[in-house]
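In our numbering, the protein residues as written are 1 to 669. Virtual Cβ for every residue (Gly too), placed ideally from N, Cα, C.
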Ligand SMILES: Cc1ncc(C[n+]2csc(CCOP(=O)(O)OP(=O)(O)O)c2C)c(N)n1
Ligand SMILES: [Mg+2]
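Quick look at the structure:
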């Protein structure tokens, strides 16, 4: 170690996690000019220069090149981990989520100095959901990173979740060393194969000299495909000193669709008697997508429905907003789209759950002229026959269609349509305001029995209406997979802006509501956030209560619907399996509000709508004004709404008698 006494030329930054009693020994010098080493003696420098960075290394240290090396073409000598971190900086990726591990330490060691925050979570499953929540709430890419093997395997569910949420994320998977892989299996797993179907692109760093090239490509692919992309790095790639050249950032212009298909779409919409626009996630993801759809809708006088779980894809206060389609969606939206002769599906792959029957009715207008716009051409025509398919960016395509509409477009019975929109919305709002309880299917009595058993308890809908009364209009909300959260779909129609509604999406993972709202708050610290989850799904993520109260973590508010059951699955059991409840019960003795308190957080248990309103109001106030994280445990009756997969379930057929005596216990005696 070459250390001199040139302390005055050193900049010191105390390592954030430098262990007490174990002072680090070397100092990173700040000298002008890349490649001109300077060094400092710790004895001279320690304590003398505020902000110095102490570390143990064998190499002399030089000042890093300027923070944004975009366009810099000359070779710069640096370590592989410095190259990695500088590439992150170049792309503005400054939030990482995961659990610390030795295989990532060469780069995490540089994070504080580089302005990268590492959110050390309690479980990688949650870390991944946080990363998704952060990026969805901000539109800014973030990073998931953990230890090779068991840390990385925990990322599979959130990465696939982010994939179907169309979230661009960087998945960093440090790998067992090339030098030892296959020799003993410690923390080894085929990390490329594991994520093959979960990311839009993956690449392994095959040589240390390729760190920047590969990382840059992976990040750009994630952005282009709006999905997670993976970089796999054998750990012996780190700590190599090489000459690197930074590439130029390559932001590709998005396609505005083919000329002919735009013209065909404009023609169809110009002739339409009852045009309807169906906005998908693409309108949120594309810059100006919602605004462009608004202009188009206004010209056409067309109602705008939102795809399932994308309730914030159009402003809720706009007169043409019809609400979300699909499971527990808006009856107004369903009624209106059922009348369409032309549907413009904008920025959507048309996932099947946006078109399946709901409330016992089929609303999708079979035979409609369908225009589908998706940035990914492979997804066009997957679920519905399409008349005009356009591969392109929602905003650009909507603008180009608008420019080509006939002057008379939208004029056919505009007033009649506007009146219909108004009436459909008013009638659904009024119906929803009187819906208190869930129906039983003929021949089943579960909901009736629940009401009789606990007449004093709130129903899910009563709770949702209480939430609606006090939820701040500008709040970001998350939800989870489960029966209560699904019922909530009908009540989230108020968003005036997008990136406000974080539903778990079409991979359907329980355990999304809590971690995603933490990620959202990290990204939007000035906005109130409220997460929602059922008690079962919350249980999957609740270990994060041990992490989220620490130091710099921002405060959130979390509502946990306590019905003491894995309700959504129980509903299937009541309908198709004659109340043969297998694995549907939760532990009555668990007190989530008390667990919160034991974690140093606030916990409140509420049993009435008045208590719920007061607690939520107070919790949001505490979040915004006193940096308090509060968990509200809402005791509900056990009523259960519509099942999610009526389309896929049927009563079982029994052909064989199964007997306990036939179990081969003797094999294990
Ligand atoms: C990770 C994961 N495990 C299991 C399921 C299957 N699943 C779907 S909904 C559900 C029940 C959710 O129960 P809870 O969170 O208590 O909400 P409730 O339905 O009671 O409102 C289960 C187990 C899933 N979707 N994801
Ligand atoms: Mg439950």
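{"Check": "With 16 other CB atoms within 10 Å as the buried threshold, where does residue 428 fall?", "Outcome": "buried"}
{"Check": "Give every residue of the same chain whose Cβ lies closer than 6 angstroms to the Cβ of residue 335, excluding the five residues on either side of it in the sequence, and list them in chain order.", "Outcome": "424"}
{"Check": "Output the distance between the C-alpha atoms of residue 194 and residue 153, rounded to the nearest integer angstrom.", "Outcome": "8 angstroms"}
{"Check": "If you follow the beta strand (DSSP E) that residue 534 is part of, which residue opens it and which one closes it?", "Outcome": "529-534"}
{"Check": "Identify whether residue 450 lies in helix, strand or coil by the three-state DSSP scheme.", "Outcome": "helix"}
{"Check": "Out of 94, 95, 245 and 217, point me to the one whose CA is closest to residue 74's CA.", "Outcome": "245"}
{"Check": "What are the uninterrupted segments assigned as beta strand (DSSP E) that are 3 or more residues long and contained completely in the segment 482-561, given in chain order?", "Outcome": "529-534"}
{"Check": "Mind listing, in chain order, the residues whose beta carbon lies closer than 7 angstroms to a non-hydrogen atom of ligand 1?", "Outcome": "157, 480, 481, 482, 483, 484, 485, 508, 509, 510, 511, 533, 534, 535, 536, 537, 538, 540, 561, 563, 565, 566, 567, 568, 569 and 586"}
{"Check": "Can you pull the DSSP bridge partners for residue 675?", "Outcome": "No statement about residue 675 is possible, as the shown extent of the chain runs from 1 to 669 and does not include it."}
{"Check": "So, is residue 658 buried or exposed, given that buried needs 16 or more other C-beta atoms within 10 angstroms?", "Outcome": "exposed"}
{"Check": "With distance defined between alpha-carbon atoms, name the residue in 323, 117, 448 and 347 nearest to residue 426.", "Outcome": "323"}
{"Check": "Taking DSSP's pairing of strands, which residues face residue 120 in a bridge?", "Outcome": "98"}
{"Check": "Assuming the contact rule is C-beta atoms closer than 8 angstroms, residue 77 and residue 243 should be a hit. Round their C-beta distance to whole Å, please.", "Outcome": "5 angstroms"}
{"Check": "Taking 8 angstroms as the cut-off, decide whether the C-beta atoms of residue 311 and residue 487 are in contact.", "Outcome": "no"}
{"Check": "State the beta-bridge partners of residue 244 as determined by DSSP.", "Outcome": "76"}
{"Check": "Could you give the first and the last residue of the continuous beta strand (DSSP E) run that contains residue 346?", "Outcome": "342-346"}
{"Check": "Counting along the chain, where does the alpha helix (DSSP H) carrying residue 625 start and finish?", "Outcome": "609-625"}
{"Check": "Please classify residue 22: is it buried, with 16 or more other beta-carbons within 10 angstroms of its beta-carbon, or exposed?", "Outcome": "Residue placement at residue 22 is poorly supported in this model, since its pLDDT is 34, which falls under 50; the coordinates still yield a value, given next. Residue 22 should be labelled exposed."}
{"Check": "Contact between the segment 591-600 and the segment 515-534: three or more CB pairs below 8 angstroms?", "Outcome": "no"}
{"Check": "For residue 202, name the three-state secondary structure that DSSP assigns.", "Outcome": "strand"}
{"Check": "By the three-class DSSP mapping on this structure, what secondary structure does residue 279 have?", "Outcome": "strand"}
{"Check": "If residue 304 and residue 340 are in contact, beta carbons under 8 angstroms, what's the gap, nearest whole angstrom?", "Outcome": "Their Cβ separation, rounded to whole angstroms, is 12 angstroms, which puts residue 304 and residue 340 out of contact at 8 angstroms."}
{"Check": "For a quick check, are the C-beta atoms of residue 623 and residue 557 less than 8 angstroms apart?", "Outcome": "yes"}
{"Check": "Less than 6 angstroms between C-beta atoms, sequence neighbours within five positions excluded: which residues of the same chain meet that for residue 320?", "Outcome": "297, 303 and 304"}
{"Check": "My guess is that residue 390 and residue 371 are in contact by the Cβ rule of under 8 angstroms, so how many angstroms apart are they, rounded?", "Outcome": "7 angstroms"}
{"Check": "Do residue 104 and residue 145 have their C-beta atoms within less than 8 angstroms of each other?", "Outcome": "yes"}
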